[in-house]
Each structure stands twice: as C-alpha cells, then as structure tokens.
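Beneath this line is the structure, given in structure tokens, with notes to follow.
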Amino acid sequence: MTTIRPSAVAGMFYPEDAAQVMRQLETCWADAKPHPGLGVPKAVIVPHAGWIYSGAVAASAYGLLKPARGSITRVVLLGPSHRVAFRGMAVSEADQWASPLGAVKLDRDAIARVVGHVPMVGTLEQAHAQEHSLEVHLPFLQKVLGDFSLIPVVVGDATPEQVAALLDALWGGPETLIVVSTDLSHYLDYASCRDLDSRTRDAIENLDPTALSREQACGRMPMSGLLLAARRRDMTVATLDLRNSGDTAGPKDKVVGYGSWALYEARAADIRDLGPLLLELARTAIQSHLDHGQPVDSHAGPDMPAALRQPGACFVTLKKNGQLRGCIGSPQAWRPLAEDVCDNAVKAACRDPRFPPVTAAEWPEVTLSVSVLTPPTPMTITGQDDLLAQLRPGIDGLIIEDGTKRALFLPSVWEQLPDKRQFLAHLKLKAGMTADHWSPTFRAQRFEAVEIKPLAH
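So that you can map any letter, position 379 of the sequence shown is 384 in this note's numbering, and since no number is skipped, the others follow by simple counting.
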C-alpha cells in the first residue's frame with residue numbers, strides 16, 4: 006500500500022490548482038533576477054515563504070536548474086522545523102508526497118541507508134505533517150526537473166557536523182541536487198533587515214557557518230551544515246538575489262528577509278586547463294631529484310595559479326612500456342596542490358616500495374599522469390551488496406578500511422577491473438583482507454578524480 010503525505014499548505018502558501026500553480030510559477034520567473042552566465046549548481050539555498058513574498062527570489066535559483074532536466078534525478082531537500090521541537094533530523098515515512106502537479110516519489114532506498122546509520126537521523130512524521138519549509142519547493146522542482154525522487158529532511162536541533170554527515174552520505178554525483186530551505190531575518194524594520202541580511206550574505210559567501218546566529222535565518226541549522234560541507238569541498242558560492250517582503254508584497258515596517266544562493270563544486274575543467282602545468286611540475290620535480298638528489302622547491306609561490314596554491318590531493322602514476330612503474334599519492338588535501346604534485350612525483354619515482362627507484366637511464370622511457378582527487382566522502386552502507394549497488398564504475402575511486410587495514414583504488418582502476426565485485430575484491434586483497442571479507446566495522450569512502458593523461462618525453 007502506497008503512503009502519500011498530503012499537501013499541508015497548498016491554497017495558502019501557493020495555489021492548490023495545477024493551472025494556477027503554473028501561472029504563478031511563470032510570474033515568479035518573470036520577476037526573478039536572471040543569471041545567464043552561471044551553470045547548473047550542486048546545491049541551492051532558497052526561501053520558503055508564500056510565493057507572493059519570496060517566489061521570485063527562489064525562482065532565481067531554480068532557473069539555473071532548467072538545463073539539468075533529465076540529468077538531476079534526485080533531490081535532497083532540507084529545511085527547519087517550525088511546528089515540532091525535536092533533536093536531530095527527521096526524514097519522512099511516506100512513499101510519495103502530494104503536489105498540485107502530481108505526486109513525487111521518495112527515494113526509500115537512500116532513506117533506509119541513512120536512518121539508523123547516520124547519527125541523529127530518524128523518522129518523525131509529525132515534523133513533516135504541517136511543515137511548509139519543504140513542501141513549497143515541490144512545484145518549482147517539478148517544473149524545472151520533471152521526474153525526480155525526493156529525500157525530504159526536517160532539521161530540528163542538530164549541529165553543523167551532524168547535518169554535514171547526512172549530506173556526505175547523500176551527496177552522490179551530478180544526479181543529486183541539494184536544496185536548503187531558509188528565510189532570513191524576521192520582523193525587523195526595512196533598514197535593519199537589510200543590514201542583518203547583508204551580514205548573512207557575507208557569511209554564506211565566505212562559507213562560514215560560525216558567523217550565523219539564530220536571528221539571521223530560521224534555517225540556520227541546515228544551512229550551517231551545508232556551508233560546512235561546502236567549505237570542506239572547496240566549493241564556490243554565488244549570491245543570486247537578496248530581498249525582503251518590503252521589496253515584494255508587504256509593508257516596510259516589519260519585514261522578512263529572503264535570499265537565494267547557488268553553490269558549485271570545483272570544476273573539473275579548471276583543473277584540466279592546468280593539466281600541462283601539473284605534468285610539467287611532476288616532470289621537473291623528478292628530473293631535479295635525478296640530477297641533484299635534492300627535492301625541488303614547492304612551486305607554491307605567489308606566481309603559481311591560485312588553484313595550485315590551494316590545498317589539493319593528487320596521485321602521480323608512472324608507467325614504462327605501458328606497465329606500472331610507480332604510484333604514490335595523498336588521499337586527502339593537506340598542503341598546496343603544487344607541492345603535493347611535486348612531492349608525490351618524486352616519491353612515485355623513487356620511494357614506491359613495490360619498485361626499485363627510477364634511474365636516469367630509464368627516465369626517458371617513463372610516462373607520467375596526475376590524478377587530482379575530490380575530497381573523499383563517507384558512504385553509508387548496510388552491507389556488501391549495498392556498497393556494490395552504490396558504486397559507480399568509471400566514476401568512483403574507493404577507500405576501504407577495517408581496523409588497521411586500509412587501501413585505495415583510483416577511478417582509473419575500473420579500466421582493468423570493470424566488474425564491481427572484482428573491483429572490490431581486489432581492493433580488499435590490496436588492503437590485506439580476504440576477498441570475501443566483511444564485518445560490522447568495515448568502512449568505505451568514495452571520491453572522484455580528474456586524470457591528467459600521460460605525457461611522453
């Protein structure tokens with residue numbers, strides 16, 4: 006039997022008739038601020054008041070999603086609790102959520118993976134029953150995305166770390182959009198609202214959850230978790246709109262603030278554009294070591310592109326006659342990317358325990374590649390079959406650990422091991438486990454990588 010959560014605020018915060026919904030959505034976009042130079046974001050922060058007040062502000066963010074129709078197939082939607090006080094985060098127990106534009110199915114498999122497995126996440130349907138902070142976004146999402154599955158989360162009393170852990174578990178790839186719902190300051194005079202909301206804007210643009218107070222946003226808790234996760238991923242943020250009810254459909258003596266933001270993951274194209282420089286850094290570092298026996302300078306000076314002066318993690322892979330000749334890297338960023346490339350290049354050439362050091366005589370026959378890693382994100386898994394179901398061949402790199410045993414495969418390993426079970430089994434063997442090992446303490450993290458292909462010399 007399918008359980009459907011009925012609409013709670015249709016006819017109040019937004020129309021309950023489908024035709025009227027479509028007309029008002031068009032009005033929202035007509036009043037929205039366009040941003041033609043921006044691409045499809047990974048996450049958006051949007052307001053949740055009645056559409057006549059905040060709909061145009063939300064539409065500025067939702068307009069960016071139109072090119073992603075058919076490619077974004079899952080939405081993680083977080084908002085604050087206005088009616089029920091509770092600790093933690095509550096997902097819905099329903100199978101579908103009603104909407105004037107048709108029911109939206111919930112991703113029950115993903116919900117099952119986080120309930121009871123991510124700290125402070127559980128079910129509490131009372132928190133969803135009359136809550137408007139999530140529901141008002143469904144028609145926007147339906148209009149721009151078409152068919153998608155939903156993971157609705159009402160956030161109660163939770164820390165940024167706890168919210169970030171839930172986001173990590175549900176982050177996914179380009180198929181997953183994260184939406185955080187929040188209004189800003191409440192019932193201040195117009196000038197005071199603009200002043201406080203501008204400080205909130207600064208905190209968001211700086212990805213600084215510590216700069217947000219309870220008075221600045223009713224959705225401070227889910228938003229703080231998103232900002233923490235975004236900071237760890239070195240994401241960028243764009244302010245799309247910042248208005249209040251005095252600008253839209255209300256008086257100016259007591260106003261509510263609204264804002265919309267788009268958050269972007271580090272662009273693979275940015276790293277690829279720097280590919281020749283990364284390869285040259287690696288080659289120069291190895292050549293300097295062969296010539297002088299000394300490590301090359303970090304190359305992270307002020308003349309280096311900003312992306313290479315920021316913390317970054319990479320693996321440098323050497324091959325000779327198509328066979329592996331060395332591979333060393335950093336699973337997590339902890340120093341400037343340029344420095345990480347240089348140091349790992351020398352270690353791959355001279356300190357990989359599986360191979361003798363590369364000699365000056367054979368160096369001309371060696372090719373190298375650099376793989377720049379995204380931050381690893383913990384996977385919430387209930388067992389080996391669940392882990393295999395979540396793996397994306399050709400996309401995911403994987404880190405596994407159990408006790409003191411740990412190993413990593415880059416995404417490029419899928420070229421040799423395209424079968425999921427073989428991929429995981431070989432990684433377990435690399436870690437010193439048996440191929441069929443499993444235990445309750447088994448942990449997995451996944452990441453992606455931009456591989457700068459070999460350069461012959």
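Here a beta-carbon is modelled for each residue, glycine too, at the ideal position from N, C-alpha and C. Predicted model, so just to flag it, every value in this text is computed and none were measured.
By the 10 Å Cβ neighbour count, where 16 or more other Cβ atoms means buried, how is residue i classified, buried or exposed?
| i | result |
| --- | --- |
| H462 | In this predicted model, H462 has a pLDDT of only 48, less than 50, meaning its place in the structure is not dependable; the value taken from the coordinates is given anyway. It counts as exposed. |
| E220 | exposed |
| Y58 | buried |
| N211 | exposed |
| H297 | exposed |
| Q167 | buried |
| N326 | exposed |
| S444 | exposed |
| A23 | exposed |
| L69 | buried |
| E31 | exposed |
| R74 | exposed |
| F452 | buried |
| K71 | exposed |
| L434 | exposed |
| D348 | buried |
Roughly how far, in whole angstroms, is the beta-carbon of residue i from the beta-carbon of residue j, given that I think they are within contact range, below 8 Å?
| i | j | result |
| --- | --- | --- |
| G465 | A366 | Any answer about residue 465 is impossible in this case: the structure gives the chain only from 6 up to 462. |
| V123 | L139 | Contact flag wrong, Cβ pair sits at about 18 Å. |
| A290 | V351 | 5 Å |
| H87 | S65 | 23 Å between Cβ atoms; not a contact. |
| V51 | S265 | 5 Å |
| T205 | L189 | 6 Å |
| L378 | A449 | So it is not a contact: roughly 15 Å between Cβ atoms. |
| R340 | P362 | So it is not a contact: roughly 23 Å between Cβ atoms. |
Considering Cα atoms alone, identify which of the options is closest to residue i.
| i | options | result |
| --- | --- | --- |
| Q101 | S197, I9, A290 and T253 | I9 |
| S76 | K433, D345 and G151 | G151 |
| P256 | L201, D200, R248 and Y195 | Y195 |
| V96 | R88, A117, V109 and R238 | A117 |
| Q29 | R330, D112 and A63 | A63 |
| Y19 | L232, P144, P11 and L378 | P144 |
| A99 | P72, V141 and T7 | T7 |
| L171 | R426, V126 and A440 | V126 |
| P336 | D239, S374 and F320 | F320 |
| A338 | F447, Q427 and L313 | L313 |
| L286 | D202, D275 and L373 | L373 |
| L245 | D207, S218 and R237 | D207 |
| V14 | D36, A54, W34 and K38 | A54 |
Does the distance from the CB of residue i to the CB of residue j come in under 8 Å?
| i | j | result |
| --- | --- | --- |
| P227 | G84 | yes |
| H133 | P157 | yes |
| L129 | F91 | yes |
| A234 | A169 | yes |
| Q25 | V89 | no |
| I457 | L283 | yes |
| L342 | P46 | no |
| A163 | G262 | no |
| V80 | L175 | no |
| T382 | D112 | no |
| D357 | I386 | no |
| V184 | V49 | yes |
| S250 | P165 | no |
| D213 | L201 | no |
| W419 | G388 | no |
| I405 | L422 | no |
| L393 | R426 | yes |
| T215 | A61 | no |
| L323 | A354 | yes |
Mapping DSSP to helix, strand and coil, what is residue i?
| i | result |
| --- | --- |
| A440 | coil |
| D188 | coil |
| H462 | Residue confidence for H462 is low, a pLDDT of 48 falling below 50, so the modelled location carries little weight and cannot support an answer. |
| K352 | helix |
| G251 | helix |
| F452 | strand |
| W34 | helix |
| P41 | coil |
| V119 | helix |
| W176 | coil |
| Y19 | strand |
| M94 | strand |
| D200 | helix |
| W56 | helix |
| P381 | coil |
| T409 | coil |
| D239 | coil |
| P341 | strand |
| F447 | coil |
| R88 | coil |
| Q427 | helix |
| I404 | strand |
CB of residue i to nearest heavy atom of the ligand MN: below 7 Å?
| i | result |
| --- | --- |
| T181 | Although the ligand MN was asked about, the structure shown includes no ligands whatsoever. |
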